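Each remark here refers to the structure printed beneath this line.
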Amino acid sequence: AQKVTQAQTEISVVEKEDVTLDCVYETRDTTYYLFWYKQPPSGELVFLIRRNSFDEQNEISGRYSWNFQKSTSSFNFTITASQVVDSAVYFCALSEADSGAGSYQLTFGKGTKLSVIP
Amino acid sequence: NAGVTQTPKFQVLKTGQSMTLQCAQDMNHEYMSWYRQDPGMGLRLIHYSVGAGITDQGEVPNGYNVSRSTTEDFPLRLLSAAPSQTSVYFCASSRDSYTEAFFGQGTRLTVV
């Protein structure tokens, strides 16, 4: 069974600090996909990034960067120079591509609540 | 482009009542799913569908029914509401199992 662990329940940082959100996953499949979603205080879920299991290149998008390491089953998310608008709950999620024809299982971690203090 | 539309946004039910949460998407996605979000629990999959006429259970299916008669719609039925079903419900759709899911705005349900 697949599992996603976000050990950090809540994090508080002062504006302009860097912060890393941890995500550790478990899966038996060799082909899988990892996602990060953001849930701001308004409540909607916003897709941030997708990474497949064959692509271990780190990705940078503006102040956001992601570090995918298969050796440690981790897919961590770093925000550089945090801003108040980054305050949200961030979810890591895992989908196994080989879960069988007609099957679907997108498993979410419990989320990390990030508070950026001005 | 509306994306995924959920109705209603808020609902209060009495224990034992039934109701249907509506979900519609206009992206021609085959995959649709329902999640519930509870404090400290993340999002948990209730039911999903990989195409019209095909549905299956997720992690927490008890007390809920679904059907998928069209590609666009995927309603979630609460048969006999219980206080334990107080939650925020999200509907999502995706092209397949490995592309990103698009979520509706959520329905905040309170069962008293």
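Chains S and X are the protein sequences, given in the same order. Per my numbering, residue 267 is the first one in the first sequence, and the count goes up by one each step. Per my numbering, residue 123 is the first one in the second sequence, and the count goes up by one each step. C-beta: ideal position from N, C-alpha, C; glycine also. Computed from a predicted structure; not experimentally measured.
Determine the closest residue to V172(X) out of P205(X), H151(X), Q133(X) and E181(X), with distance taken between C-alpha atoms.
If you number the second sequence from 1, residue 172(X) lands on position 50. Of P205(X), H151(X), Q133(X) and E181(X), the residue nearest in Cα terms is H151(X).
As assigned by DSSP and simplified to three states, the class of Q323(S):
For the purposes of this step, residue 323(S) is taken as the residue at position 57 of the first sequence. Coil, per DSSP.
Establish whether the CB of V182(X) and some CB of chain S are separated by less than 7 Å.
The residue you call residue 182(X) lines up with position 60 of the second sequence. No, V182(X) does not count as interfacial toward chain S.
Tell me, to the nearest whole angstrom, how far the beta carbon of S348(S) is from that of E283(S); I am working on the premise that it is less than 8 Å.
Looking up residue 348(S) in the first sequence gives position 82. Looking up residue 283(S) in the first sequence gives position 17. Between E283(S) and S348(S) the Cβ distance is about 6 Å, and since that is below 8 Å, they are a contact.
Going by the C-beta, is M149(X) closer than 6 Å to any heavy atom of the ligand SAM?
The model on display carries no ligand, and the ligand SAM is accordingly not part of it.
In angstroms, rounded to a whole number, what distance separates the CA positions of T137(X) and A267(S)?
Residue mapping note: residue 137(X) aligns to position 15 of the second sequence, counting from 1. Residue mapping note: residue 267(S) aligns to position 1 of the first sequence, counting from 1. Using only the alpha carbons, I get a separation of about 34 Å.
Using the Cβ count rule (16 or more neighbours within 10 Å means buried), how would you classify V134(X)?
As a first step, residue 134(X) is located in the second sequence; it is residue number 12 there, counting from the start. Burial check for V134(X): the Cβ neighbour count within 10 Å stays below 16, so the residue is exposed.
Straight-line gap, D295(S) to Q335(S) (C-alpha atoms, nearest Å):
Counted from its first residue, the first sequence places residue 295(S) at position 29. Counted from its first residue, the first sequence places residue 335(S) at position 69. Near 15 Å, if we compare the C-alpha coordinates of Q335(S) and D295(S).
Assign E362(S) to buried or exposed, taking buried as 16 or more other Cβ atoms, counted over all protein chains shown, within 10 Å of its Cβ.
Walking along the first sequence from the start, residue 362(S) turns up at place 96. Buried: at least 16 other Cβ atoms inside 10 Å.
Strictly below 7 Å CB to CB, what residues from chain X border S361(S)?
The sequence position of residue 361(S) within the first sequence is 95, counting from 1. Those within 7 Å of S361(S) in chain X are S219 and Y220.
Could you pull the DSSP bridge partners for M141(X) from this structure?
On the second sequence, residue 141(X) is found 19 positions in, with the first residue counted as 1. L200(X).
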